[in-house]
Amino acid sequence: MSVQVKVCGLMTAADVAAVNAARPDYAGFVLAPGRHRVTVAQCRVLAAQLAPGIVPVAVLLSPDSQLIAGLRGVVAAVQLHRPCGAAAVVTLQRQGFLVMARVTAAAPETPADYALCDAGDGSGQALDWQALPATNRPLMLAGGLAADNVAAAIRLANPAVVDASSRLERAGGKDPALVAAFVAAAREVK
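Quick note on numbering: this note's numbering labels position 89 of the sequence shown as 225, and the sequence is numbered without any gaps.
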């Protein structure tokens, strides 16, 4: 199976249109502090505009039961950017969410559907793809990815999912050409 692709940090209808044209597997909406943050209400409106087959993902720092309750029926997956306990991950899964959870070298195992390795919270920095934690779950690789380096990252790290955000932008929004190039470059790797 080929690698799955996620484009993160969607904030506007134009961002959604760029993603719909490129057709990644996942689209991320950041509900955590930072430049890409959207509200639950904005997430609801934007996620409803996604093309069929693109899975909406809520990106959180850690599980927040009140926030999660507001996202039921809006997103199908939750991405956690702070390592959290197995019980919190399992609770989200029991609520029907696919879970992408951050792992570290000190805590490489998770019951999540995907083990997320990221250099920072949307920092655009790349990881050392040859020094990733050995995890028990399929790998989700994020941080500093774009069309110019995603093929090398896939070949070195063999992730199940690649995720990009800040390097797909110009003038504060998703650039349709950069989004399309990233998705195409990831899909071309055999």
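Glycine residues also receive a C-beta, built at the ideal position from the N, C-alpha and C atoms.
Note that the structure is predicted; figures quoted are calculated from it, not measured.
On the three-pair Cβ rule with 8 Å, is the region 233–248 touching the region 267–280? yes
Quick check: the region 162–181 against the region 248–255, are there 3 or more CB pairs under 8 Å? no
Assign ARG238 to one of two classes, buried (16 or more other C-beta atoms within 10 Å of its C-beta) or exposed (fewer than that). Counted from its first residue, the sequence shown places residue 238 at position 102. Classification for ARG238: buried.
Looking only at C-alpha atoms, which of SER198, LYS142, VAL298 and ALA168 sits nearest to ALA223? Indexing the sequence shown from 1 puts residue 223 at position 87. That would be SER198, whose Cα lies nearest to the Cα of ALA223.
Would a check of beta-carbon distances place PRO219 closer than 7 Å to chain C? As a matter of chain content, chain C is missing from the structure shown, which is built from one protein chain.
Could you pull out every residue in the same chain whose Cβ sits closer than 6 Å to the Cβ of ALA287, ignoring the five residues on either side in sequence? Residue mapping note: residue 287 aligns to position 151 of the sequence shown, counting from 1. Here the set comprises ALA321 and VAL325.
ARG306 - partner residues in DSSP beta bridges: Residue numbering aside, residue 306 sits at position 170 when the sequence shown is read from its first letter. In the DSSP output, where bridge partners are listed per residue, ARG306 has GLY309.
Name the DSSP beta bridge partners of GLY164, please? Taking the first residue of the sequence shown as 1, we reach residue 164 at position 28. Note: GLY164 sits in a beta bridge opposite VAL193.
I'd like the list of long-range same chain contacts for LEU234, defined as Cβ closer than 7 Å, with 5 residues on each side in sequence excluded. Position 98 of the sequence shown holds residue 234. Taken in chain order, the residues that qualify are ALA212, ALA213 and ASP249.
Excluding sequence positions up to five away, which residues of its chain have a Cβ less than 7 Å from the Cβ of ALA157? Working through the sequence shown from its first residue, we reach residue 157 at position 21. Hits under 7 Å: PRO312 and ALA316.
Have a look at HIS217, PRO160 and ALA289 and flag the residue whose alpha-carbon is nearest the alpha-carbon of PRO188. As a position in the sequence shown, residue 188 is number 52, starting the count at 1. Measuring from the Cα of PRO188, the nearest candidate turns out to be PRO160.
Name the two residues that bound the continuous beta strand (DSSP E) containing CYS253. Reading the sequence shown from its first residue, position 117 is the one you call residue 253. First-last of the beta strand (DSSP E) with CYS253: 250–254.
CA-CA distance, PRO219 and ALA149? Numbered from its first residue, the sequence shown carries residue 219 at position 83. Numbered from its first residue, the sequence shown carries residue 149 at position 13. Approximately 31 Å between the Cα atoms of the pair.
What is the rounded straight-line gap between the Cα of ALA153 and the Cα of GLY209? Reading the sequence shown from its first residue, position 17 is the one you call residue 153. Reading the sequence shown from its first residue, position 73 is the one you call residue 209. Taking the straight line joining both Cα atoms gives about 21 Å.
So, is SER138 buried or exposed, given that buried needs 16 or more other C-beta atoms within 10 angstroms? Within the sequence shown, numbered from 1, the residue matching residue 138 stands at position 2. Under this definition SER138 is an exposed residue.
What separation, rounded to the nearest whole angstrom, lies between the Cα atoms of GLN266 and ILE290? Along the sequence shown, one-based indexing puts residue 266 at 130. Along the sequence shown, one-based indexing puts residue 290 at 154. So the two alpha carbons sit approximately 11 Å from each other.
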